[in-house]
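A short write-up of the structure that comes next.
In this note's numbering, the protein residues as written are 2 to 152.
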């Protein structure tokens, strides 16, 4: 199954499917419409749910030379197949291509996953000021640990 599913750039028409996936995986979908041009998705061409199912997503919110990695989600029926790792690896490639030098994220549930990928916990004073004004920092994940990776 892994080889037949490809990671691709999200389209604006993917918005509703990404929101549904985030809600299914209990992640906040707030303001993703502002950043869809920096999202990646994995689609399953056929499933028992219809002709196509969005099975994974990840996105970036870009703040000059830093970015917030957000909305990493894999549909529960497809977890454990390496899709999360593939999405993170690809979004890091995308970030490098956009001259991003530091990636930040907020997580309550995936700290170990991200540590294995080179992220470390940082205090919020290390986070760029404009990123700290984002909805993730001000409203959605106010107590979640911050993590960072230089790329």
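Every residue gets a Cβ at the ideal spot worked out from N, C-alpha and C, and that includes glycine.
Contact set for residue i: own chain, Cβ-Cβ below 7 Å, skip 5 residues either direction
i: residue 131; result: 64
i: residue 135; result: 62 and 69
i: residue 46; result: 53
First and last residue of the uninterrupted alpha helix (DSSP H) at residue i
i: residue 98; result: 84 to 98
i: residue 17; result: 16 to 25
i: residue 112; result: 112 to 116
i: residue 130; result: 130 to 133
8 Å Cβ shell around residue i - same chain, five flanking residues per side excluded
i: residue 26; result: 74, 75, 76 and 77
i: residue 7; result: 43 and 44
Where residue i sits in the DSSP three-state scheme
i: residue 38; result: helix
i: residue 141; result: helix
i: residue 9; result: strand
i: residue 33; result: helix
i: residue 28; result: coil
i: residue 79; result: helix
i: residue 101; result: coil
Supposed close pair residue i, residue j - CB separation, criterion 8 Å
i: residue 150; j: residue 114; result: Not confirmed; about 12 Å, so no contact.
i: residue 70; j: residue 56; result: Contact flag wrong, Cβ pair sits at about 19 Å.
i: residue 152; j: residue 104; result: 6 Å
i: residue 67; j: residue 101; result: 6 Å
Residue i - containing beta strand (DSSP E), residue span
i: residue 150; result: 147 to 151
i: residue 62; result: 54 to 64
Neighbourhood of residue i by C-beta, 6 Å cutoff - its chain only, sequence neighbours within 5 removed
i: residue 97; result: 152
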